[in-house]
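Below is one structure, written out as structure tokens, with a few remarks after it.
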Amino acid sequence: MLLPLGSADLDEAAALFADPRVMVHVDGGTRDRATTSRLLQANERCWKNEGWGLWAIRDATSGAFIGQGGLQRITELQDADVEFSAIIGWRNWRKGIATEAGKAIVYDAWERFTGSQIHALVHPDSAAGGPFLRRIGFRRNDDQLVRGEMLKVWHTQRLG
Ligand SMILES: CC(C)(COP(=O)(O)OP(=O)(O)OC[C@H]1O[C@@H](n2cnc3c(N)ncnc32)[C@H](O)[C@@H]1OP(=O)(O)O)[C@@H](O)C(=O)NCCC(=O)NCCS
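Numbering (the working numbering), first residue to last: 636 to 795.
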């Protein structure tokens, strides 16, 4: 299930973002608890002001925290407004969870977000990011230098 990610998720999100097995694939690497706390607070403001943001991905039966995914405002990428991302806890990789959650998040995002394109960035060390994004309907653009690193840029666009 998807629930807006917020400060109540701090313990679980901090554990996910502190795991180098996962975060080596994400630009910026591991995040400490204070950084995660600021991110969650910013995400709560985003939900309030924009009506969209990052979701906590939880097991529908147990409620266990599996990961996070959704939209964030992006300013560092040319011709882009929002960035989609998904990060799944290492134990749950390769079970189809990101595909299921990612499709639901992007489908729902077109109802919440008025723009015509959603972008995504993949770190060069992420083997999974590209195939995952292609699977949920994204297409590859030219790489761009973002936050000091050459990242793979992907986008998907509103139909019709
Ligand atoms: C990318 C990520 C979200 C995928 O999560 P997941 O739940 O394991 O993904 P799924 O099980 O739904 O797999 C979807 C597809 O992604 C690709 N994929 C997943 N893991 C992969 C890996 N280790 N190597 C290559 N491709 C991989 C495959 O095409 C897979 O489909 P398949 O299993 O039928 O071959 C997860 O690996 C992750 O959190 N990585 C770190 C953060 C990141 O790189 N995010 C992507 C940027 S948006």
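Ideal Cβ positions, reconstructed from N, Cα and C, are used throughout, including at glycine.
Among 756, 681, 776, 653, which has the Cα closest to the Cα of residue 784? Taking only the C-alpha atoms, the option nearest residue 784 is 756.
Expected contact under 8 Å - CB spacing of residue 637 and residue 736 to nearest Å: That belief holds up - the Cβ atoms of residue 637 and residue 736 are roughly 7 Å apart, short of 8 Å.
May I ask you to check if the CB of residue 660 is nearer than 7 Å to at least one heavy atom of ligand 1? yes
Under the three-state reduction of DSSP, which class applies to residue 787: helix, strand or coil? strand
Quick check: the Cα distance between residue 681 and residue 732, rounded to an integer number of angstroms? 24 Å
Could you spell out where the alpha helix (DSSP H) holding residue 675 opens and where it closes? 668-685
Compute the minimum distance between the beta carbon of residue 715 and the heavy atoms of ligand 1, and state whether it is under 7 Å. no
With a threshold of 7 Å, establish whether the CB of residue 860 neighbours any heavy atom of ligand 1. Limits of the chain in this structure are 636 at one end and 795 at the other, which puts residue 860 out of reach.
Which same chain residues, not among the five before or five after residue 775, have their C-beta less than 6 Å away from its C-beta? 789
Would you kindly work out how many angstroms separate the C-alpha atoms of residue 718 and residue 708, rounded to a whole number? 6 Å
Secondary structure of residue 732, DSSP reduced to three states: helix
Return the chain-ordered ranges of every beta strand (DSSP E) run that is complete within the segment 719-764 and spans a minimum of 3 residues. 752-757
Would you kindly work out how many angstroms separate the C-alpha atoms of residue 765 and residue 683, rounded to a whole number? 31 Å
Mark residue 703 as exposed unless 16 or more other C-beta atoms lie within 10 angstroms of its C-beta, in which case mark it buried. buried
State the CB to CB distance for the pair residue 712 and residue 754, rounded to an integer number of angstroms; the pair is presumed to be in contact (CB under 8 Å). 6 Å
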